[in-house]
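Using the numbering used here, read the sequence shown as starting at 855 and increasing by one per residue.
Each residue gets a CB set at the ideal place from its N, CA and C atoms; glycine is no exception.
In what follows, a single structure is set out as structure tokens and then discussed.
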Amino acid sequence: MERRRYYKEFHNLTDYGFPEVPLFGAYRFDKAIEPLHIHTHSDFEICYLVEGRQNYRALGRDYLLKGGDLFITRPDEPHSTGKQPQEKGSLFWLHLMAPKKNRPFLGLHPHFSADLYSMLSMIKEKCFHASPAVHELFERIYAQLPMPDTPSRKITMGNLLVSLIIEISRCGGKPKRVEDRNLNKIIQFMNEKVESKINVPEMAEFMGFSVSRFKARFRQETGMPPAEYFLRLKIAKAREFLESDKGNVGDVSLRYNFSSSQHFATTFKRFTGIQPSSLRKIKMVNTG
């Protein structure tokens, strides 16, 4: 399928012979857009970030994805991007329904359906790094969408979907990398200190790294410098504070250690695209 430069697509694979995949999506954004608000699905949702970075929130935790990462939510599990926007980048995602009794599943005989689905159910981590094969399989499924409706296409897509679930399950079963544990540790530290004024040397000291090594490792894992990540976190928390009507722009600039209300407003608009003073109006429209 010819790929446009910027796009967002939705495909119901019921139309391709796979009712257990009611949604297969792909997007490429050239700029950040509004946050993805809290929602649920009755199915598993699997997101694969091809490139860019993206924050997701589920079960009270934030998960920062970088290119090559997977994020999985279980049926009826509330999730969102938190207060973060949907970032510039490229992503594949799909919804997978549970197999129905005595019915084929992704082209498999019903005897194997429960086994395949249980492989996905046994993944404990919500966010983990994918193998190159996962990316290739998503691309190959996407490439089948415009192909003529023939038995060959259905067999090919079924094989690719089964291979994708097996490969994702294999990746999700691997022990968590030391790098992932370190990233979770520093992000938790930043969340605890979000109302404070900490600098990169203090972050590096907390992690037991030199400043140069810490900055390089953090950027490698997140795609951004630690100072920018911490600032984005402050803005996300500040937005949540303002939307709760607990205070005004002056209050929040003091609470989150911005040098002035103007500095906060300028930084807020740079990361969200709107003025903090507009939040109340937006909230009224959304709840209208």
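Under 8 Å, with one C-beta from each stretch per pair, do the stretch 958-969 and the stretch 915-926 reach the 3-pair mark?
No: the two stretches stay apart, fewer than three of their Cβ pairs being nearer than 8 Å.
Would you report the Cα separation of A984 and K1028, rounded to the nearest angstrom?
When rounded, the distance between both Cα atoms is 10 Å.
When the Cα atoms are used, what is the spatial distance from K1091 to T927?
Looking at the two C-alpha atoms, the distance is approximately 23 Å.
Taking C-beta to C-beta, are I1040 and M1057 nearer than 8 Å?
Cβ atoms of I1040 and M1057: closer than 8 Å.
Quick one, are the C-beta atoms of S934 and I977 less than 8 Å apart?
Not closer than 8 Å, so no.
Say whether the stretch 1121-1132 touches the stretch 1083-1100, bearing in mind that this needs 3 or more beta-carbon pairs closer than 8 Å, one atom from each stretch.
Contact between the stretch 1121-1132 and the stretch 1083-1100 is present, because at least three Cβ pairs lie under 8 Å.
Which residue's Cα is closest to the Cα of M1078: K920, V1065 and L890?
With distances taken between Cα atoms, M1078 lies closest to K920.
Expressed to the nearest angstrom, what Euclidean distance is found between the alpha-carbon atoms of G871 and D930?
The straight-line gap from Cα to Cα measures roughly 25 Å.
Identify, in the order they occur along the chain, each residue of the same chain with its Cβ nearer than 6 Å to the Cβ of K885, setting aside the five sequence neighbours on each side.
K942.
Would you please verify whether the beta carbon of I1019 is less than 8 Å from any beta carbon of chain C?
Of the chains in the structure shown, none is chain C; there is only one protein chain.
From the DSSP output, in three-state form, read off A997 for me.
Helix.
Can you list, in chain order, the residues of its chain whose CB lies under 7 Å from that of L890, leaving out five sequence neighbours each side?
These residues qualify, in order along the chain: S934, T935 and Q940.
Curious, which full-length alpha helix (DSSP H) runs of at least 4 residues does the stretch 910-996 contain?
Entirely contained in the stretch 910-996, the alpha helix (DSSP H) runs reaching 4 residues are, in chain order, 964-975.
Straight-line CA distance for M1001 to V875?
Taking the straight line from one Cα to the other gives about 18 Å.
Could you pull out every residue in the same chain whose Cβ sits closer than 7 Å to the Cβ of L906, ignoring the five residues on either side in sequence?
First, the amino acid is wrong: residue 906 is Gly here, not Leu. Answer for G906: G921, E941, K942, G943 and S944, listed in chain order.
I need the straight-line Cα distance from K1008 to C981, nearest angstrom please.
Cα-Cα distance, rounded: 30 Å.
Is DSSP giving I1040 helix, strand or coil here?
Three-state result, I1040: helix.
Grab the span of the alpha helix (DSSP H) containing F1118 for me, first residue to last.
Note, F1118: alpha helix (DSSP H), S1115 to T1126.
Measuring straight from C-alpha to C-alpha, what distance separates N1045 and Q938?
One C-alpha to the other measures close to 14 Å.
Report the CB separation of M973 from I1019 in whole angstroms; it is logged as a contact under 8 Å.
With 8 Å as the limit, M973 and I1019 qualify as a contact, their Cβ atoms being about 7 Å apart.
Using DSSP with H/G/I as helix, E/B as strand and the rest coil, what is G906?
In this structure, G906 counts as strand in the three-state DSSP scheme.
Give the secondary structure of G879 by DSSP, where H, G and I count as helix, E and B as strand, and everything else as coil.
It is a strand residue.
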